[in-house]
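The next block holds one structure in the form of structure tokens; read it before the comments.
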Ligand SMILES: Nc1nc2c(ncn2[C@@H]2O[C@H](COP(=O)(O)OP(=O)(O)OP(=O)(O)O)[C@@H](O)[C@H]2O)c(=O)[nH]1
Ligand SMILES: [Mg+2]
């Protein structure tokens, strides 16, 4: 895959479908001469006056009179209206041609784009014409691969480009954009620079051990290694949290016996999963059921899973079984995201804090159950499992809570990073211990070098052809 990087490559950069605008993109030193073979010259009045579309900041950035059909490369960026002269077509077709000379381009090479009407047969003809004129068909991801090899992107950013293209919902997109902006890569780059300097200092000291010259003071050494250790630990924590299979939002129903918890649980779950009876103390164990709802109607933002947990009614335990079921219920409460404190409408109201003292008030939603039989208490949501009153509203409220907690999924490059992060951390821990125990600097240098190698692999400064193949082959052609 790394061969032929100097070839001029061509690909369609927009979907092959009818539309207003289709773009054919080329990258390589012959991109201009290839395009010039089927573009005909137009008059000066067609020259775009500002060139803002190609990032030109002033008028002088636009080459004002360059003839698009001239074989000679323009010296500067260019955006010009031209006519396409294609074989088999009796009339010419209007197009815009953009030209960016190397090296300040996405791929670091000359880049040409031809923007024209998105007509599938026309675009196919245009690409065929480029191939005939000497360009080669781009492989999947080859434009981004060139950007990476030209040092324009690091690996995590290159993968973020893929993430942006593949984003299925807004959370994916946000995550990919953050990664593109250097979300994780930024601090890792800094750490890598710092460790490289540190290694240089430690290694320089190795040449002067006889003379007892120190290039870096032990305290500073300890400080810098500790800083690195802290940063990588933090990155690992972040990755671990996001890599863990997304845990559903957990909602526990708690309250006094016979309050109607199991009935509400069944009404929310849409099936009779829990046993219901007029006998207080019916539920002994705890029971789970998942409900899924669209994250937001029409937003395409995926689904949200809510895990409901029914528990035993809370009361003073009279015997061992009772006390075991009570403590099971309390465990569920402590591992929940939200507690539905259920009490009968019109009945005596107990203070949930007496039963669940360790639960924060923000995690409690108070419910007046059986609202068909009596007035609801102020500040609570009334529901009735019998009539269905309030059940849909409660579901919507739970979805709102769950949505606000949904963590973004892990981008592909971040999961690749996890192994390197763990290995890097192991080396930094060893290095840290060596500094503390004042072990020979040769050993420290070896650990720092190993940690740097892992960091390098993370941000792509060290890469293998196999890894590049794996990453870039997932791109579509034209990106
Ligand atoms: N009127 C009315 N009765 C209800 C409603 N929901 C439950 N009940 C009745 O209240 C009684 C207790 O219901 P459960 O759902 O078993 O109550 P629980 O809180 O799970 O009880 P424990 O498991 O014993 O703690 C049963 O007889 C239900 O039929 C309701 O919405 N309206
Ligand atoms: Mg019950």
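Residue numbers (the numbering used here): 80 to 558. Ideal Cβ placement from N, Cα and C applies to all residues, glycine included. A quick note: this is a predicted structure, and the numbers were derived from the prediction, not measured.
Close CB contacts of residue 181 within its chain, under the 7 Å cut and outside five residues either way in sequence, are with 187, 188, 189 (chain order). Closest by C-alpha distance to residue 116, out of 214, 203, 101, 345, is 214.
In this structure, residue 328 sits near residue 386, with a CB-CB distance shorter than 8 Å.
Of 331, 224, 297, 282, the smallest CA-CA separation from residue 409 is found for 331. Using a Cβ distance threshold of 8 Å, residue 507 and residue 281 do not count as a contacting pair. Here the segment 335 to 355 lies against the segment 421 to 440, with 3 or more beta-carbon pairs under 8 Å apart. The residue from 453, 284, 499 with its alpha-carbon nearest to that of residue 427 is 453.
Distance between residue 476 and residue 483, taken at the CA atoms: about 11 Å. Closest in alpha carbon position to residue 112, among 171, 199, 283, 209, is 209. Counting along the chain, the unbroken alpha helix (DSSP H) around residue 477 starts and ends at 470 to 484. Taking 8 Å as the cut-off, the beta carbon of residue 347 is found closer than this to the beta carbon of residue 474. Looking at 278, 97, 465, 352, the one whose alpha-carbon comes closest to that of residue 199 is 97.
Taking 8 Å as the cut-off, the beta carbon of residue 278 is found closer than this to the beta carbon of residue 524.
In this structure, the straight-line span from the alpha carbon of residue 297 to that of residue 520 is close to 11 Å.
Annotated as proximal: residue 194 and residue 100, with beta-carbon spacing under 8 Å.
With fewer than 16 other CB atoms across the displayed protein chains lying within 10 angstroms of its CB, residue 151 is exposed.
Beyond the five residues adjoining it in sequence on each side, residue 179 comes within less than 6 Å, by CB distance, of 156, 190 in the same chain, given in chain order. If the five residues before and after residue 371 are omitted, its C-beta is found closer than 8 Å to the C-beta atoms of 382, 383, 384, 385, all from its own chain and listed in chain order. Residue 398 is classed as exposed because its beta carbon has fewer than 16 other beta carbons within 10 Å across all chains shown. Here residue 153 is buried, its C-beta having at least 16 other C-beta atoms within 10 Å. Of the other Cβ atoms in all chains shown, 16 or more fall within 10 Å of the Cβ of residue 184; this residue is therefore buried.
Partner residues in the beta bridge of residue 368, as assigned by DSSP, are 387.
Taking C-beta atoms as the reference points, residue 420 and residue 446 count as a pair closer than 8 Å. Exclusion of the five residues before and after residue 102 leaves 92, 93, 192, 194 as the residues of its chain whose Cβ lies within less than 6 Å of its Cβ. In this structure, residue 465 has its beta carbon less than 7 Å from a heavy atom of ligand 1. Annotation note: the segment 491 to 531 contains the following uninterrupted alpha helix (DSSP H) runs of length 4 or greater, listed N- to C-terminal: 491 to 515. Shortest Cα-Cα distance from residue 220 to any of 406, 104, 274, 211 involves 104.
In terms of side-chain proximity, the C-beta atom of residue 449 is found nearer than 7 Å to a non-hydrogen atom of ligand 1.
Taking C-beta separations shorter than 6 Å and ignoring five residues to either side along the sequence, the partners of residue 536 in its chain run 499, following chain order. At a cut-off of 7 Å, the beta-carbon of residue 333 does not count as near ligand 2: no heavy atom of the ligand is closer than that.
Membership of residue 223 in the alpha helix (DSSP H) is indicated by the continuous run 221 to 228. Residue 351 counts as exposed, since fewer than 16 other C-beta atoms from the protein chains shown sit within 10 angstroms of its C-beta.
The continuous beta strand (DSSP E) containing residue 177 extends over residues 172 to 179. Per DSSP, the continuous alpha helix (DSSP H) segment holding residue 406 begins and ends at 399 to 413. With a 10 Å radius around the Cβ and a threshold of 16 neighbouring Cβ atoms, residue 440 comes out exposed.
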